[in-house]
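Colleague: Structure in structure tokens, see below.
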Amino acid sequence: METRILPRVAAVLVLLCSTAACAANLPDFTGIVEQNAAAVVHVEAHYNGRSAPMHSRGQMPDDQAQILRRFFGLPMMPSPQERKHTSLGSGFIISSDGYVLTNNHVVDHADSVTVLLHDRRSLKAKVVGTDKLYDIALLKIDADDLPTVTLGDSRTLKAGQWVVAIGSPFGLDHTVTQGIVSAVGRSLGARDQEYTPFIQTDVPINRGNSGGPLFDMDGKVVGINSQIFSNTGGYMGVSFSIPIDVAMDAVKQIKDHGYVKRGMIGVRIEDVTPDKARALGLATASGALIHDVTDGGPGDKAGLQVGDVILAFNGQIVARADDLPPMVASTRPGSKVTLKVLHNGDTRNVDVTLGELPRSEGSVANYGGSNSVSSELGFSVADITAEQRKALDLKKDEGVVVTNVTSRAAREAGLAPGDVVLMVGQSKVASVDDFKAKMKQIGPDQSMVMLLVRNNQGNTVFITIPTHADND
Numbered sequence: 005m006e007t008r009i010l011p012r013v014a015a016v017l018v019l020l021c022s023t024a025a026c027a028a029n030l031p032d033f034t035g036i037v038e039q040n041a042a043a044v045v046h047v048e049a050h051y052n053g054r055s056a057p058m059h060s061r062g063q064m065p066d067d068q069a070q071i072l073r074r075f076f077g078l079p080m081m082p083s084p085q086e087r088k089h090t091s092l093g094s095g096f097i098i099s100s101d102g103y104v105l106t107n108n109h110v111v112d113h114a115d116s117v118t119v120l121l122h123d124r125r126s127l128k129a130k131v132v133g134t135d136k137l138y139d140i141a142l143l144k145i146d147a148d149d150l151p152t153v154t155l156g157d158s159r160t161l162k163a164g165q166w167v168v169a170i171g172s173p174f175g176l177d178h179t180v181t182q183g184i185v186s187a188v189g190r191s192l193g194a195r196d197q198e199y200t201p202f203i204q205t206d207v208p209i210n211r212g213n214s215g216g217p218l219f220d221m222d223g224k225v226v227g228i229n230s231q232i233f234s235n236t237g238g239y240m241g242v243s244f245s246i247p248i249d250v251a252m253d254a255v256k257q258i259k260d261h262g263y264v265k266r267g268m269i270g271v272r273i274e275d276v277t278p279d280k281a282r283a284l285g286l287a288t289a290s291g292a293l294i295h296d297v298t299d300g301g302p303g304d305k306a307g308l309q310v311g312d313v314i315l316a317f318n319g320q321i322v323a324r325a326d327d328l329p330p331m332v333a334s335t336r337p338g339s340k341v342t343l344k345v346l347h348n349g350d351t352r353n354v355d356v357t358l359g360e361l362p363r364s365e366g367s368v369a370n371y372g373g374s375n376s377v378s379s380e381l382g383f384s385v386a387d388i389t390a391e392q393r394k395a396l397d398l399k400k401d402e403g404v405v406v407t408n409v410t411s412r413a414a415r416e417a418g419l420a421p422g423d424v425v426l427m428v429g430q431s432k433v434a435s436v437d438d439f440k441a442k443m444k445q446i447g448p449d450q451s452m453v454m455l456l457v458r459n460n461q462g463n464t465v466f467i468t469i470p471t472h473a474d475n476d
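Going by the numbering used here, 194 is the number at position 190 of the sequence shown; the sequence numbering is gapless.
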């Protein structure tokens, strides 16, 4: 009898929850979508014969490949015949004059980028600058009076709050999904983006959502959808977004001086296990245990030693070793910070003046100075700004930056925006004027030119390009 009654009770409850009173307690996301959909864009990155970057081919180490997957439309492990392709992602307009924010991994190493607007216009986009460590890319399209999103404050987010994502999963434009904030300040450690304090959600996210906005219930952007936790490549209930405050700080720095500056202590750390906590005399297994100190680094100068445990950074509790890198990285180099440190059983405060973390691959804006020139080799170059020169560790009279690649031959040779040309033939290049002079010295019978190039990976290599390359 009881087994027959229970289904009837459940049916009655379902009917009761379908009433207007029950529905009134559920959130309505239509206003958020109507307010913001026009500012969400579809991003296409085109690869015209150059090899895609390693991470876009799914070639992460085996122990990571089943854990964290960025989700955009690149084919897995393409053959040389498949390298001409288009990857799909999402983005959103942050200013009416055409600045668009997306993920670095959506456009990384692309030969060209196209943005598809809500009104179906398709516009070429310039990659103004990128930051690999935060997975941020700033694009610029040539348009005015564009609809924009409203930026929120990701620092006020709490676990349990409703959030909404709009993006293009599998190329399905302006798809809306919802969920709640599962956790904030989530660090993935050294596995991936160790300096990003992620927003973890259960919002359904799939390939193509990368770079799209995450909205709070006020219709303000609080994050950029970036990764999922998956052993299949599809959504499994755990998604990660970059906090908008972190992203916009990166945008400002890219606009101001071409790359993102991050603080650095100069120590290597690990988790405090329960056994180590007992050995150290700690009541709980918390903090970041120092196992290496860089000679002459900020930590060394402040007196930090191997075996010390960092318990707090400027008043913020360090529960795990993974908590510390985002705190340090988000603090400007040169800042004076206070660490709470366990040293030989005693707790003390240590003041440290942060150094600057060496820049990562792809962390410098792709534009140069005002002086620029196009060459018959199928690419354009510009003088390198002082800030870029510092970031690239270049001497004052060393190299010009590639701003655009227009020929298939130059792309197939491996040249890409952001690369630095150091030599033409066997002659060094110090400026755009120097580059033009070297180009004039190329004889009419010379069919190939050899260039010494420092690429986006920091490698210096010789490449060869036909002297009269046809532009696309």
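The beta-carbon is built from N, C-alpha and C at its ideal position, and this holds for glycine as well. Computed from a predicted model, the values in this text were never measured in an experiment.
Taking the continuous beta strand (DSSP E) assigned at Leu113, which residues delimit it?
Modeller: By 1-based counting over the sequence shown, the position of residue 113 is 109. The sequence shown places His at residue 113, rather than the Leu named in the question. It is not in any beta strand (DSSP E) - His113 carries neither H nor E in the DSSP assignment.
Colleague: Mind listing, in chain order, the continuous beta strand (DSSP E) runs of no fewer than 3 residues lying wholly within the stretch 124–202?
Modeller: As far as the stretch 124–202 is concerned, its whole beta strand (DSSP E) runs of at least 3 residues are 126–135, 140–145, 166–171, 179–190.
Colleague: When the Cα atoms are used, what is the spatial distance from Asp220 to Val226?
Modeller: Here the question's residue 220 lines up with position 216 in the sequence shown. Here the question's residue 226 lines up with position 222 in the sequence shown. Computed Cα separation, rounded: 6 Å.
Colleague: Could you pull out every unbroken beta strand (DSSP E) segment of at least 3 residues lying fully inside the stretch 295–327, listed in chain order?
Modeller: The qualifying runs are 313–317.
Colleague: Given that a residue counts as buried once 16 or more other Cβ atoms are within 10 Å of its Cβ, and exposed if not, what is Glu477?
Modeller: The requested residue 477 does not occur in the structure, where the chain is confined to residues 5 to 476.
Colleague: Can you check which of these residues, Val433, Ser431, Val404, Gly429, is closest to Ala420 by C-alpha distance?
Modeller: For the purposes of this step, residue 420 is taken as residue 416 along the sequence shown, with counting starting at 1. Comparing Cα-Cα distances from Ala420 to each of Val433, Ser431, Val404, Gly429, the minimum goes to Val404.
Colleague: From Val37 to Val188, what does the alpha carbon distance come to, in whole angstroms?
Modeller: Mapped onto the sequence shown, residue 37 falls at position 33. Mapped onto the sequence shown, residue 188 falls at position 184. One C-alpha to the other measures close to 24 Å.
Colleague: Give the range of the alpha helix (DSSP H) segment to which Gly35 is assigned.
Modeller: The sequence position of residue 35 within the sequence shown is 31, counting from 1. Its alpha helix (DSSP H) spans residues 34–40.
Colleague: Comparing alpha-carbon positions, which option in His178, Val424, Gly102, Gly133 lies nearest Asp149?
Modeller: Taking the first residue of the sequence shown as 1, we reach residue 149 at position 145. It is Gly102 whose Cα lies nearest to the Cα of Asp149.
Colleague: Let me know the secondary structure DSSP gives Gln204 once reduced to three states.
Modeller: Within the sequence shown, residue 204 is the residue found at index 200, counting from 1. DSSP places Gln204 in strand when its eight states are reduced to three.
Colleague: When the Cα atoms are used, what is the spatial distance from Thr160 to Pro201?
Modeller: As a position in the sequence shown, residue 160 is number 156, starting the count at 1. As a position in the sequence shown, residue 201 is number 197, starting the count at 1. Spanning the two alpha carbons is a distance of roughly 13 Å.
Colleague: According to DSSP, is Pro3 part of a helix, a strand, or is it coil?
Modeller: With the chain covering 5 to 476 only, the question about residue 3 has no answer from this structure.
Colleague: Taking Cβ positions, are Asp247 and Ile203 nearer each other than 8 Å?
Modeller: Numbered from 1 along the sequence shown, position 243 holds the residue referred to as residue 247. Numbered from 1 along the sequence shown, position 199 holds the residue referred to as residue 203. Note on residue identity: the sequence assigns Pro, not Asp, to residue 247. Their beta carbons are under 8 Å apart, which means Pro247 touches Ile203 by this criterion.
Colleague: Under a three-way DSSP split, which group does Ala420 fall into?
Modeller: If you number the sequence shown from 1, residue 420 lands on position 416. In this structure, Ala420 counts as coil in the three-state DSSP scheme.
Colleague: So, does the stretch 455–470 touch the stretch 411–429, judging by three or more C-beta pairs under 8 Å?
Modeller: Cβ pair count under 8 Å is three or more, so yes.
Colleague: Go to Lys259, then tell me how far its beta strand (DSSP E) extends in each direction, as first and last residue.
Modeller: Along the sequence shown, read from residue 1 onward, the residue named residue 259 stands at position 255. Where Lys259 is concerned, there is no enclosing beta strand (DSSP E), although the alpha helix (DSSP H) it sits in stretches over 248–261.
Colleague: Could you tell me if Asp430 is buried or exposed, where buried requires 16 or more neighbouring beta carbons within 10 angstroms of its beta carbon?
Modeller: Position 426 of the sequence shown, counted from the start, is the residue given in the question as residue 430. It should be pointed out that residue 430 corresponds to Gln in this sequence rather than to Asp. Exposed, by the Cβ-count rule.
Colleague: Would you call the CB atoms of Gly270 and Asp304 closer than 8 Å?
Modeller: Locating residue 270 in the sequence shown gives position 266, where the first residue counts as 1. Locating residue 304 in the sequence shown gives position 300, where the first residue counts as 1. Cβ distance < 8 Å, so Gly270 and Asp304 count as in contact.
Colleague: Between which two residues does the beta strand (DSSP E) containing Arg272 stretch?
Modeller: Indexing the sequence shown from 1 puts residue 272 at position 268. That run of the beta strand (DSSP E) goes 271–275.
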